[in-house]
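Counting with this note's numbering, you get residues 1 to 220 for the letters of the sequence shown. By construction, the Cβ of each residue, glycine as well, lies at the ideal position given by its N, Cα and C atoms.
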Amino acid sequence: MSGDPARARRLTGVIAAANAQSARVIGITGSRRGVGVSLTARELAGAFSSFGTKTLLVDLSRARISTSEQLGGKISFVSSAVEIQRALFLAEPLGAELLTLSADVLRSALADAAEAGFTVIVDLPPVIQASGILEPTIAAAQPALDVTFLVCLSGETDQKELVACIETCRIAGLNVGGLILNDWRMPASHLIWKLTRTRPPEHPSHLASMHEARARIGET
Numbered sequence: 001m002s003g004d005p006a007r008a009r010r011l012t013g014v015i016a017a018a019n020a021q022s023a024r025v026i027g028i029t030g031s032r033r034g035v036g037v038s039l040t041a042r043e044l045a046g047a048f049s050s051f052g053t054k055t056l057l058v059d060l061s062r063a064r065i066s067t068s069e070q071l072g073g074k075i076s077f078v079s080s081a082v083e084i085q086r087a088l089f090l091a092e093p094l095g096a097e098l099l100t101l102s103a104d105v106l107r108s109a110l111a112d113a114a115e116a117g118f119t120v121i122v123d124l125p126p127v128i129q130a131s132g133i134l135e136p137t138i139a140a141a142q143p144a145l146d147v148t149f150l151v152c153l154s155g156e157t158d159q160k161e162l163v164a165c166i167e168t169c170r171i172a173g174l175n176v177g178g179l180i181l182n183d184w185r186m187p188a189s190h191l192i193w194k195l196t197r198t199r200p201p202e203h204p205s206h207l208a209s210m211h212e213a214r215a216r217i218g219e220t
């Protein structure tokens, strides 16, 4: 995690896009694993906290959510949170407890964290499973997510894959705030983030630039 104010300033485009929608629970996902979703979530959480925002990072990237709505119980991401740097908290992994976590319990835990005054960054698994079905964790979290950003990897995520991901998100009811492009063609230990807004669903293949936020990760 980074507490570097200069590094955080280079992520202000993403933060501004979220703040423009008064988003308190922000999802980060992608079309598949390996595009930099977890890195993006960590850096964004660090950026929010660098500006003094009380931020909670919740890692659901490998969570397994039960499809049964009959499960009771309650969990709290707030009570399990550990402050790892000023204003930045990490919800400790809940392990096997997540295997029997219902959608209602997950949504309640995310909503409770926002009500407790946190800006919640949720590290989500890929949108679509290998079977082509919407990932259950995303379906479960969707009502609690104010905005979701999609991460794609430059030179790896093709247009067909991206359009399918965007359309799946919209069908699922996710509010897609934009795309974050990871460009690994930069020199070692550098990363470029580019935020774009997608056009309306009738033109899913066209992307219009909304704002560009550049972040060089690992600079001294």
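If you draw a straight line from the C-alpha of G13 to the C-alpha of G30, how long is it? Start at 1 with the first residue of the sequence shown, and residue 13 comes out as number 13. Start at 1 with the first residue of the sequence shown, and residue 30 comes out as number 30. Here the C-alpha atom of G13 lies approximately 19 Å from the C-alpha atom of G30.
For the segment 101 to 139, list the beta strand (DSSP E) runs that are entirely contained and at least 3 residues long, ordered along the chain. 119 to 123
Could you tell me the boundaries of the alpha helix (DSSP H) in which I84 lies? Translated into the one-based positions of the sequence shown, residue 84 becomes position 84. Note, I84: premise wrong, no alpha helix (DSSP H); beta strand (DSSP E) at 81 to 85.
Return the CA-CA distance between E135 and A141, expressed in angstroms with no decimal places. Counted from its first residue, the sequence shown places residue 135 at position 135. Counted from its first residue, the sequence shown places residue 141 at position 141. For E135 and A141, the distance between alpha carbons rounds to 10 Å.
Looking only at C-alpha atoms, which of V58, L174, G36, L181 sits nearest to T119? Taking the sequence shown and counting its residues from 1, one reaches residue 119 at position 119. The residue with the shortest Cα to Cα distance from T119 is V58.
Ordered along the chain, which non-local residues of its own chain (more than five positions away) have a Cβ less than 7 Å from that of I171? Walking along the sequence shown from the start, residue 171 turns up at place 171. Here the set comprises nothing.
Specify the secondary structure class of L44 as computed by DSSP and reduced to three states. The count along the sequence shown starts at 1 and reaches residue 44 at position 44. Correct three-state label for L44: helix.
Just mark D158 as buried or exposed, buried being the case when its beta carbon has 16 or more other beta carbons within 10 Å. Translated into the one-based positions of the sequence shown, residue 158 becomes position 158. Looking at its Cβ environment, which holds fewer than 16 other Cβ atoms inside 10 Å, D158 is exposed.
Pull up the DSSP beta-bridge partners for A91, would you. Start at 1 with the first residue of the sequence shown, and residue 91 comes out as number 91. Answer is A81.
Host alpha helix (DSSP H) of T12 (start-end): Start at 1 with the first residue of the sequence shown, and residue 12 comes out as number 12. 12 to 19 is the extent of the alpha helix (DSSP H) around T12.
Sort L101, Q85, I84, S80 by Cα distance to A91 and report the nearest one. The count along the sequence shown starts at 1 and reaches residue 91 at position 91. When only C-alpha atoms are compared, the closest one is S80.
If you reduce the DSSP assignment to three classes, tell me which class I75 lands in. Sequence index remark: in the sequence shown, residue 75 carries index 75 (1-based). I75: coil per DSSP, three-state reduction.
What residues are listed by DSSP as bridge partners for V35? Residue mapping note: residue 35 aligns to position 35 of the sequence shown, counting from 1. Answer by DSSP bridge pairing: none, since V35 is not bridged.
Using the rule of at least 16 other Cβ atoms within 10 Å of the residue's Cβ for burial, across every protein chain shown, is A43 buried or exposed? As a working note, residue 43 is residue 43 in the sequence shown. Residue identity check: residue 43 is Glu in the sequence provided, not Ala. It is buried - the Cβ of E43 has at least 16 other Cβ atoms within 10 Å.
Buried or exposed: S76, going by 16 or more other Cβ atoms within 10 Å of its Cβ? Counting from one through the sequence shown, the residue named residue 76 turns up at place 76. Under this definition S76 is an exposed residue.
Residues near Q129 in its chain [Cβ-Cβ closer than 6 Å; skip 5 each side]: Against the sequence shown, residue 129 aligns to sequence position 129. Closer than 6 Å at Cβ, skipping near neighbours: E135.
Do you know whose CA, among I26, P125, V78, lies nearest L60's CA? Within the sequence shown, numbered from 1, the residue matching residue 60 stands at position 60. Of the residues I26, P125, V78, the one whose Cα lies closest to the Cα of L60 is P125.
So what does DSSP say about T168, is it helix, strand or coil? Along the sequence shown, one-based indexing puts residue 168 at 168. Of the three classes helix, strand and coil, the one that applies to T168 here is helix, per DSSP.
Span of the beta strand (DSSP E) holding D59? Taking the sequence shown and counting its residues from 1, one reaches residue 59 at position 59. Where D59 is concerned, the enclosing beta strand (DSSP E) stretches over 55 to 59.
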